[in-house]
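Just so we're aligned: the sequence shown equals residues -9 to 442 in the working numbering. The beta carbon of each residue, even a glycine, is placed where N, CA and C say it ideally should be. Here's the structure, in structure tokens; my notes come after.
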Amino acid sequence: MIPRSQPSQPFLDALYSNLLERGIQYFFPRISLEPLGPCFTHGPVIEYEKSADGISLLRWLGMRYRLRNFRSLTLSEGKLMKSVGLVLSARYRFFFDPDLVSGIPDLFRGVPEDRYVSAFLDSTPYVAADAGAQVCDRIADAIDVLRISALTTYENRRIVTGVLVFGTHPDPCHVSPPRPPGALRYAAKLTSIRSFHRMCDGLQTLALVDQDGLLVELVDVAHWAQAYQGMELPVASAARYEYHCRATLCGGHTCLVLTPNGEIKVFAAGSQVLNFIDGSWRLTDPVEKYRVWEDAIGNKILAERIYRVALNLAEERRGGLFVVLDDAGAADHLLAPGDLLESPASQSSRDNSGAKGQLHYLLRGHPVSELPPTVLESVARIDGGIVMDRDFRLLAFGAILRLERLAETNEGVAEGGRTTAAIGASRYGHALKVSEDGLISFYAHGVRVWEM
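Rendered as structure tokens:
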């Protein structure tokens, strides 16, 4: 074999510095990197430090960077950022280590962002590559399968499918599955088999992939998750995917599902941690975001009930708006008299044929805590918002908010009336907005706190 010539290291350093910045900005658009020069750290893992003047710095592959617009990251965000560095460092080493030549296809195959996601979920292949070994990247293979399937139809219907990647951690409830004769690798080539797309639906049944990346079994996700039924989930989930969350509670198992909407959902450690929607990956970080929401509401029961209903609406691609007022008196600023359940105008609307207020009696006097979640979910489908106070009192449903002080940003104008209503209503409390594209946003004090 003809030996490879050594590339120009300054050129590669500049190239990979740019790739690092692009990778970080993909997931964290507001953060930018400014190279400051070499440092003594040459490891593949991103490390942080604070300078004497309080500026956040990053070290990676012997280079030091200044982080602009940097904020404190959650554990999941920090892990994702380090995963970007881990993938890029494994690729960088190839240019200077001839022993890695056999790993070229796996190191450079696919969309870079998919690789960052894969390393976030299971860093083993990239840690091994940095040590000169080669390990099958099962998560990247699974993402390839779902990406190809998302662009495929079967009998004029979009493909829905899912996979459960067996974990590498101890699991007292499941043993590593046996390998049947002729087992195929769960990779892109499988999608050329037409009947493969009918093998599992992603919702009730999943393909099971063993630790060598082979398709070894088809499993019923509810049956698989039954072993963890007594364990508490780290955060509430949509009813449709509760079993998928529960199936990943132990053992380090990872579940990936392609939905009828073309969205890829990723479940790990008992919650949905990532999704691919609108052409890009998003870190959902539900545990941390729910904690922020619950702390803001100050009532665990109310916060969880609204959050769970919002998740179910998002899965059905139905919009909704929930407003929790700090002071019930603020309802006079947000609602027309006829929309208030307890107002005289609402109670007299029975004489006005066709008026929405004729149905107010059905929910008048019923606290949100006493409404079954399914009923609250049905009411939330009515055009308009649901308004309540912190004492569980339902003040209005299907209400069109009249806002005297609209948002002072362009966000509401750009995204539509529901966003404008959420921003304006959050000046009087807290608002949870559900978009018809499947995203959920939390607003407080007139600004968006998070989106997932």
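When DSSP labels each residue in this structure, what does residue i get in the three-state scheme?
i, result
"L78", "helix"
"C235", "helix"
"L396", "Note that L396 scores a pLDDT of 47, beneath 50, so its modelled location is shaky and nothing firm can be said."
"H350", "helix"
"P362", "coil"
"H435", "coil"
"D329", "helix"
"F382", "coil"
"M442", "coil"
"I376", "strand"
"G428", "coil"
"N265", "strand"
"P25", "strand"
"G452", "Outside the shown range of the chain (-9 to 442) lies residue 452, about which nothing can therefore be said."
"L65", "helix"
"V301", "The question names Val, but residue 301 is Leu in the sequence shown. Note: L301 maps to helix in three-state DSSP."
"A228", "coil"
"F30", "coil"
"F387", "strand"
How far does the alpha helix (DSSP H) with residue i in it extend, from its first residue to its last?
i, result
"E278", "P276 to I287"
"R12", "Q(-1) to F17"
"G407", "G407 to A415"
"Y248", "It should be noted that the sequence gives Leu, not Tyr, for residue 248. No alpha helix (DSSP H) holds L248; the beta strand (DSSP E) holding it covers T244 to L248."
"L111", "P102 to L111"
"I21", "Premise fails: I21 is in no alpha helix (DSSP H) and is neither H nor E."
"L324", "A321 to L324"
For residue i, I'd like the list of residues in its chain whose CB is within less than 8 Å of its CB, leaving aside the five on either flank, ordered along the chain.
i, result
"E426", "R307, R308 and G309"
"Y144", "R184, H187 and R188"
"F478", "No answer is possible for residue 478: the residues shown for the chain start at -9 and end at 442."
"L205", "A173, L174, R175, Y176, L180, A197, L198 and V199"
"Y218", "C163, R236, A237, L239 and C240"
"A140", "R148, I149, L248, G252 and I254"
"L47", "L26, Y38, E39, K40, S41, R54, Y55, R56 and L57"
"K69", "F110"
So, at 7 Å on beta carbons, what are the nonlocal neighbours of residue i in its own chain, with the 5 sequence-adjacent residues on each side left out?
i, result
"I45", "R56"
"A326", "R392"
"D202", "C126"
"A118", "Q124 and V125"
"A389", "L325, D329, G374, G375 and V377"
"S416", "Y433, A434, H435 and G436"
"D104", "A130 and I133"
For residue i, I'd like the list of residues in its chain whose CB is within less than 6 Å of its CB, leaving aside the five on either flank, ordered along the chain.
i, result
"D379", "L315 and A318"
"S431", "K423, R438 and E441"
"L51", "S79"
"R371", "R308"
"Y490", "Residue 490 lies beyond the residue range present for the chain, which begins at -9 and ends at 442; the question has no answer from this structure."
How far does the beta strand (DSSP E) with residue i in it extend, from its first residue to its last?
i, result
"H420", "G419 to V424"
"R272", "S270 to L273"
"L47", "S46 to W50"
"A258", "I254 to A258"
"L311", "G310 to L315"
"R307", "Element bounds for R307: n/a, residue is neither H nor E."
"R58", "M53 to R58"
Practice item. Could you name each continuous beta strand (DSSP E) segment of 3 residues or more that falls completely within the segment 136 to 223, going from the start of the chain to the end? Key: The segment 136 to 223 contains these whole beta strand (DSSP E) runs: 151 to 155, 195 to 199 and 204 to 210.
Point to revise | Cβ contact check for the segment 67 to 74 and the segment 101 to 114: 3 or more pairs under 8 Å | key: The segment 67 to 74 makes contact with the segment 101 to 114; the number of CB pairs closer than 8 Å reaches 3 or more.
Check your understanding: Taking three-plus beta-carbon pairs below 8 Å as touching, is the segment 356 to 365 in contact with the segment 267 to 279?
Key -> These segments do not touch.
Practice item. Decide yes or no for the touch test of the segment 150 to 167 against the segment 207 to 225: beta carbon pairs closer than 8 Å, at least 3 of them. Key: Output reads yes: the segment 207 to 225 touches the segment 150 to 167.
Check your understanding: Contact between the segment 170 to 189 and the segment 142 to 158: three or more CB pairs below 8 Å?
Key -> The segment 170 to 189 is in contact with the segment 142 to 158.
Check your understanding: Is the segment 254 to 262 close to the segment 217 to 224, with three or more CB pairs under 8 Å?
Key -> Touching, yes, given that three or more Cβ pairs across the two stretches are closer than 8 Å.
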